[in-house]
Amino acid sequence: MTSNAPLTVSQSSYRPQIGVALWKVGDRGLTGFETAAAAHLDHVHVDLGGPNRGPDLTDIGILAAFDTTSRRFALPITALAVNRLNDLGLTAPKGSQEALEVRRSILHAIRVADRLRVPRIIIPGFRQSLVRTSRDMARTAEVLRFALGPAQAAGITLAYESGLDSERTLQILQAVGQPGICVQFDTGNPAIYGHSAASNWARLADVASPDVHLKDALSVEGDVPLGDGVAELELTFIAFAHQPTPTSFTLEGDYSDDPGPRISRDLARLKTLIRRSMLSNCLDCPDERRHVSASMYR
Numbered sequence: 001m002t003s004n005a006p007l008t009v010s011q012s013s014y015r016p017q018i019g020v021a022l023w024k025v026g027d028r029g030l031t032g033f034e035t036a037a038a039a040h041l042d043h044v045h046v047d048l049g050g051p052n053r054g055p056d057l058t059d060i061g062i063l064a065a066f067d068t069t070s071r072r073f074a075l076p077i078t079a080l081a082v083n084r085l086n087d088l089g090l091t092a093p094k095g096s097q098e099a100l101e102v103r104r105s106i107l108h109a110i111r112v113a114d115r116l117r118v119p120r121i122i123i124p125g126f127r128q129s130l131v132r133t134s135r136d137m138a139r140t141a142e143v144l145r146f147a148l149g150p151a152q153a154a155g156i157t158l159a160y161e162s163g164l165d166s167e168r169t170l171q172i173l174q175a176v177g178q179p180g181i182c183v184q185f186d187t188g189n190p191a192i193y194g195h196s197a198a199s200n201w202a203r204l205a206d207v208a209s210p211d212v213h214l215k216d217a218l219s220v221e222g223d224v225p226l227g228d229g230v231a232e233l234e235l236t237f238i239a240f241a242h243q244p245t246p247t248s249f250t251l252e253g254d255y256s257d258d259p260g261p262r263i264s265r266d267l268a269r270l271k272t273l274i275r276r277s278m279l280s281n282c283l284d285c286p287d288e289r290r291h292v293s294a295s296m297y298r
């Protein structure tokens, strides 16, 4: 995509890496790599899987197949999500069977990430892991603190993702009491839970992963094409242009059916959002404007 509009010199070279979350693509399995490669994406995120969660990467054969396929398509796996934690509950009472399974799942995820050379593990805080009370917050911080040691020993970063506002998110990070955890920012989650993504980013940018999950939303269960929901993506991308800018985006829309065309549609809309936010930032800084014609995307 080429733009002849006036861009600042720094903006003209902005070309974020773009990937997709494979647990949202087709059958959540290996065919997602082929779909991502056909769309000329740069990376993928995968889920640890398990019951009702797609291929279980704790299975040695499945793990090897993901490793081989990632190499074959030259698509690095840059994050591993442990979405089964949403079924178990980070907030489960200490010593309960669910709490023990949470810890086992995290340790499994660290071993899998190490085997696949994945630099980041995403710990989600939704459904059974949703923080509702101060006790939930304390339990979540305790689990994150537990995960830090083995993750850091393996050279893996932890990223916590939730629907909380920026204040409560920062409270959890502070309660962990140790460095090494970042925030997995998602453009759709704030709207789903009644918050402003742009405002959240302004507060969380300095502690956020440089990779942002990208989706629009109507409700907890509703995925819609980028720009068709209530996530106010244009405002969020203006915030991205003014705060530390993400270095990559990972598409997390609904690509279960017709994944190729749906990913292509959202890619086009993502590029439009980036272009518009750049131009908005350019108008805010007229003295720094440079007339540069640049190719933003291959």
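For the sequence shown, UniProt numbering assigns the number 1 to the initial residue and increments by one for each residue that follows.
Here a beta-carbon is modelled for each residue, glycine too, at the ideal position from N, C-alpha and C.
What you are looking at is a predicted structure, and each value in this text was computed from that prediction instead of being measured.
Out of the options, point me to the one whose CA is closest to residue i's CA.
| i | options | result |
| --- | --- | --- |
| residue 163 | 200, 177, 176 | 200 |
| residue 180 | 169, 207, 240 | 207 |
| residue 194 | 131, 49, 155, 231 | 231 |
| residue 256 | 209, 223, 41, 133 | 223 |
| residue 65 | 100, 97, 94, 29 | 29 |
| residue 99 | 121, 165, 136 | 136 |
| residue 254 | 271, 143, 214 | 214 |
| residue 103 | 41, 130, 89 | 89 |
| residue 115 | 91, 94, 59, 129 | 59 |
| residue 241 | 271, 218, 211, 279 | 279 |
| residue 246 | 212, 258, 262 | 212 |
| residue 128 | 189, 92, 258, 188 | 92 |
| residue 142 | 41, 94, 53, 151 | 94 |
| residue 173 | 61, 140, 96 | 140 |
| residue 152 | 132, 182, 96, 165 | 182 |
| residue 165 | 132, 271, 61 | 132 |
List the whole-angstrom C-beta distance separating residue i from residue j, where the pair is believed to meet the contact cut-off of C-beta under 8 Å.
| i | j | result |
| --- | --- | --- |
| residue 82 | residue 55 | Not confirmed; about 14 Å, so no contact. |
| residue 191 | residue 243 | Going by Cβ atoms, the distance from residue 191 to residue 243 rounds to 18 Å, so no, they are not a contact pair. |
| residue 167 | residue 186 | Between residue 186 and residue 167 the Cβ distance is about 17 Å, and since that is not below 8 Å, they are no contact. |
| residue 237 | residue 18 | 14 Å between Cβ atoms; not a contact. |
| residue 209 | residue 171 | Actually they do not touch by this definition, with Cβ atoms about 19 Å apart. |
| residue 276 | residue 234 | 6 Å |
| residue 122 | residue 156 | Going by Cβ atoms, the distance from residue 122 to residue 156 rounds to 11 Å, so no, they are not a contact pair. |
| residue 48 | residue 108 | 7 Å |
| residue 263 | residue 20 | 6 Å |
| residue 130 | residue 176 | Not quite, the Cβ-Cβ distance comes to about 18 Å (not below 8 Å), so this is no contact. |
What would DSSP say about residue i, mapped onto helix, strand or coil?
| i | result |
| --- | --- |
| residue 73 | coil |
| residue 195 | coil |
| residue 225 | coil |
| residue 287 | Per-residue confidence for residue 287 stands at a pLDDT of 48, beneath the threshold of 50, marking its modelled position as unreliable; no derived number is given. |
| residue 169 | helix |
| residue 214 | strand |
| residue 100 | helix |
| residue 32 | helix |
| residue 150 | helix |
| residue 244 | coil |
| residue 141 | helix |
| residue 116 | helix |
| residue 55 | coil |
| residue 25 | strand |
| residue 93 | coil |
| residue 155 | coil |
| residue 125 | strand |
Excluding the five sequence neighbours on either side, which residues of its own chain have a C-beta within less than 8 Å of the C-beta of residue i, listed in chain order?
| i | result |
| --- | --- |
| residue 33 | 22, 44, 69, 70, 72, 73, 75 |
| residue 51 | 84, 87 |
| residue 260 | 35, 38, 39 |
| residue 273 | 226, 227, 233, 234, 237 |
So who's on the other strand from residue i, going by DSSP bridges?
| i | result |
| --- | --- |
| residue 19 | 43, 250 |
| residue 266 | Answer by DSSP bridge pairing: none, since residue 266 is not bridged. |
| residue 183 | 160, 208 |
| residue 62 | Paired residue(s): none; residue 62 is not in a bridge. |
| residue 14 | Partner(s): none; residue 14 has no beta bridge. |
| residue 131 | Partner(s): none; residue 131 has no beta bridge. |
| residue 82 | DSSP lists no partner for residue 82. |
Take residue i and list the residues in its own chain whose beta-carbon comes closer than 6 Å to its own, dropping the five residues that flank it on each side.
| i | result |
| --- | --- |
| residue 118 | 77, 80 |
| residue 126 | 86 |
| residue 178 | 148 |
| residue 226 | 216, 266, 269 |
| residue 113 | 80, 121, 156 |
| residue 67 | 116 |
| residue 229 | 216, 217, 218 |
| residue 24 | 252, 255 |
| residue 150 | 110 |
Between which residues of its own chain and residue i is the CB-CB distance below 7 Å, once the five residues before and five after are set aside?
| i | result |
| --- | --- |
| residue 106 | 82, 147 |
| residue 239 | 198, 201, 202 |
| residue 53 | 47, 83, 84 |
When you measure from the CB of residue i to every non-hydrogen atom of the ligand MG, does any distance come out below 7 Å?
| i | result |
| --- | --- |
| residue 207 | Ligands in the displayed structure: none, and consequently the ligand MG is not present. |
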